[in-house]
Every structure is written in C-alpha cells, then in structure tokens.
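Q:
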C-alpha cells in the first residue's frame, strides 16, 4: 500500500510526517473521534500536552491536520481526511523510491497493529452491549478473483463505506464504528 493521498486542497502532503508512532495515533484519534484540543488528545493517549502539541504542529505543517482557534489559548484540531487510503486509484501502479516504499511498509504495519489492538478490545468487551455485539464483529470471506476484479472489489467496498460514513448523523443511539478492509492474497 502506498502512502495516503495528499489531503484535498493542500498540495502533496509529506508522508514522512507520519513516520512517528505518536503522529499516526494522533491522526487516527482525530479521524475516529473528531475535533479535539491537544489536552484532550494527551489525556486519551496518555502523554503530555507539550509532546502532543509538538506532533500536532508537525502534522499541520505536513497537511494531515488543521487547527482552529477557540476561546482563550485553546486550539481545536481536526484530521483532514476521514480514512487512510492508498495513493492513486485502486489498481494504479505508482513509482516509489526506496524511502517512500519503506515508509509505506511501516505505515501498513502500524495500521495492522492498530487494527489488532482495537479487535482485541472489541472481543474482550463485546458482552457489555449485546445489541452492538450482534451488530458488529469480525468476519472473513474468501473470493476467487483476478487482479482487475480485486481492484473492482476494493472500489466497491470503498464506495459502501463512503455511503455509510455519516448516515447515522442525528440518529439516536448511533455510534461511530470503524470498517477495516484488507484484500490479501491467500497463496
């Protein structure tokens, strides 16, 4: 998987800004939970506000987050993108230098680690809310496709997630869920 698309309207974002675990955690936290102050993020990620602010400013300079001034000295940070997506369209081959390829591999591993932590938390706490346990969970399914068909499948899955991205706004009881997709060759 290539580095994420550059955020719209900001030119090419520098994916090297994500080459620190705290930065990927900050972007993910903002994507999943919305706008927050550096103090809110520091509390959620169990770090201090100085470190959090430093990394947020680096992410802002690279085009991955934006900030708006609030009352007093408070700044409210938001992720520029709603999801991680590979650069280019599905199936589009891109030229990556050695550094970009290494960064892309690192980001993929970091995303898998995040998925693993969230999946374990879900499994360990699923019985706390039976209705949500029944509505969510893990699933796999094998399909037999060519490379071109896999590109089409990925595009369809992306479209479904995009359709549901904000469908629950204003709906009582709606909760944010994350949909992970991974098309991985078996052989």
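In the UniProt record's numbering, the protein residues as written are 1 to 187. Each residue gets a CB set at the ideal place from its N, CA and C atoms; glycine is no exception. In this text the structure is predicted, and so the values were computed from the model without any measurement.
Give me the DSSP bridge partner(s) of residue 66.
A: 78
Q: To which residues does DSSP link residue 36 through a beta bridge?
A: 77
Q: What three-state label does DSSP hand residue 146 in the structure shown?
A: coil
Q: Looking only at its chain, what residues have a beta carbon closer than 8 Å to the beta carbon of residue 29, apart from the 5 residues adjacent to it on each side?
A: 36, 41, 44, 45
Q: Leaving out the 5 sequence neighbours to the left and right, which residues in its chain are closer than 6 Å to residue 39 when beta-carbon positions are compared?
A: 49
Q: If you follow the alpha helix (DSSP H) that residue 16 is part of, which residue opens it and which one closes it?
A: Per DSSP, residue 16 belongs to no alpha helix (DSSP H) and is neither H nor E.
Q: By the 10 Å Cβ neighbour count, where 16 or more other Cβ atoms means buried, how is residue 91 classified, buried or exposed?
A: Since pLDDT at residue 91 reaches only 48, below the 50 mark, its modelled position is unreliable, and the value read off the structure follows with that caveat. That one is exposed.
Q: Give the DSSP-derived three-state secondary structure of residue 141 in the structure shown.
A: coil
Q: Can you tell me where the alpha helix (DSSP H) holding residue 180 begins and where it ends?
A: Note, residue 180: premise wrong, no alpha helix (DSSP H); not H, not E.
Q: Grab the span of the alpha helix (DSSP H) containing residue 125 for me, first residue to last.
A: It spans 98-125 - the alpha helix (DSSP H) in which residue 125 sits, taken as one unbroken run.
Q: Under 8 Å, with one C-beta from each stretch per pair, do the stretch 57-66 and the stretch 14-28 reach the 3-pair mark?
A: Yes, they touch.
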